[in-house]
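Read left to right, the sequence shown gives residues 4 to 252 (the numbering used here).
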Amino acid sequence: MNDDATHYLITFFEPLEFLAPADPAATERALANIPLDASSCIVDVGCGTGRQTLQLLAETPAQVIASDLESSLLVELVQRAASTGAGNRLRTLTADMLALPVNEGSIDAVYAEGSIYCVGIERALKAWYPLLKPGGYVCFSDAGFTTPNPPKEAVAFWQAEYPDMGTPESAKHIALAAGYNIIDEYWMVQSAWDNYYEPYAERLASLKPQWQENPVAMDVLASLEHELAMYRAYGDSYGYYFLVLQKAA
Ligand SMILES: C[S@@+](CC[C@H](N)C(=O)[O-])C[C@H]1O[C@@H](n2cnc3c(N)ncnc32)[C@H](O)[C@@H]1O
């Protein structure tokens, strides 16, 4: 994607709360697996507009580092965290999640909602392993097929968008091979998809007339519209799951 297209993609998502299918109850369940205190450090990678960052701050006593490649997203997150009174526990980092500038063995948990697909599960788990304390945790959510024989249209779509997309089973194999134990696993409920796609559909409808004279912006909207159409047609063959992993001793 060129810089112009990236700009319109960020503009599309910037005001949205959910940048991926997500459900606060699923976030809560992931966090319930991790013992955290005020000295603990969680790195929220690919934090986006920070819905889950604010939940991490609200539901844990930990220090949170919110990290994303897009620095513009982090500026507003700092303000939102400050308005909740938890801003003193938040640091931000503009960084690639595969090259986090943090010390080895210093992190209690890496948290990746809806972002691990950007770099791939295997590369991410390998990159984070040395950064975690012994017994440290990784929580991530990702898309996966829910059926062994998904429709060919869904397979073709995901092959183009996310060639490494697998299933919770394939993700668990990767995690075990990378030196993690599986602590928890679950599928998100339907409302996680509604949280994502309902405001997304409204944003598509409102931006189309505004951007109609701009071919680059309209290409971005066409691709987002295609994703939504695929979900409406074939969304029952894929879902969004959570895995909670612990670095093996
Ligand atoms: C689909 S959004 C999910 C955002 C957020 N976690 C949520 O669920 O609302 C993925 C985010 O990952 C960020 N991202 C993509 N590649 C990245 C990378 N290599 N390192 C860090 N962040 C990245 C994007 O800028 C985007 O904000």
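We put the beta carbon where it would ideally sit given N, CA and C, even for glycine.
| Asked | Found |
| --- | --- |
| How about Leu72 and Asp99: are their beta carbons less than 8 Å apart? | yes |
| Mind listing, in chain order, the residues whose beta carbon lies closer than 7 Å to a non-hydrogen atom of ligand 1? | Phe21, Leu22, Ala23, Ala25, Val48, Gly49, Cys50, Gly51, Thr52, Arg54, Gln55, Ser70, Asp71, Leu72, Glu73, Leu76, Ala98, Asp99, Met100, Leu101, Glu116, Gly117, Ser118, Cys121 and Val122 |
| Can you tell me where the beta strand (DSSP E) with Val141 in it begins and where it stops? | Leu135 to Phe148 |
| How is Gly238 classed by DSSP in three states: helix, strand or coil? | helix |
| Per DSSP, what are the beta-bridge partners of Tyr184 in this structure? | With the sequence shown as reference, residue 184 is identified as Asn, and Tyr is not the correct amino acid for it. According to DSSP, which records beta bridges pairwise, Asn184 is partnered with Gln249. |
| Could you pull out every unbroken alpha helix (DSSP H) segment of at least 4 residues lying fully inside the region 33-101, listed in chain order? | 54-62 and 74-87 |
| CB-CB under 6 Å to Ile37, same chain, minus the five flanking residues each way: which ones, in chain order? | Ala112 and Tyr140 |
| Do Lys250 and Gly182 have their C-beta atoms within less than 8 Å of each other? | yes |
| Residue ranges of each alpha helix (DSSP H) run of no fewer than 4 residues wholly in the region 105-131, ordered along the chain? | 124-131 |
| Using 8 Å as the cut-off, can you tell me whether the region 92-107 makes contact with the region 54-70, which would need three or more C-beta pairs spanning the two stretches below that distance? | yes |
| Using beta-carbon positions only, say whether Asp55 and Glu116 come within less than 8 Å of one another. | Sequence check: residue 55 is Gln here, not Asp. Yes, the Cβ-Cβ distance between Gln55 and Glu116 is below 8 Å. |
| What residues in its chain sit with their C-beta under 8 Å from that of Asp222, if we drop five residues either side in the sequence? | Ala8 |
| Could you spell out where the alpha helix (DSSP H) holding Gln193 opens and where it closes? | Gln193 to Trp214 |
| What residue from Leu60, Pro18 and Leu135 has the CA that sits closest to Asp40's CA? | Leu60 |
| Would Asn152 be called buried (16 or more neighbouring beta carbons within 10 Å of its own) or exposed? | exposed |
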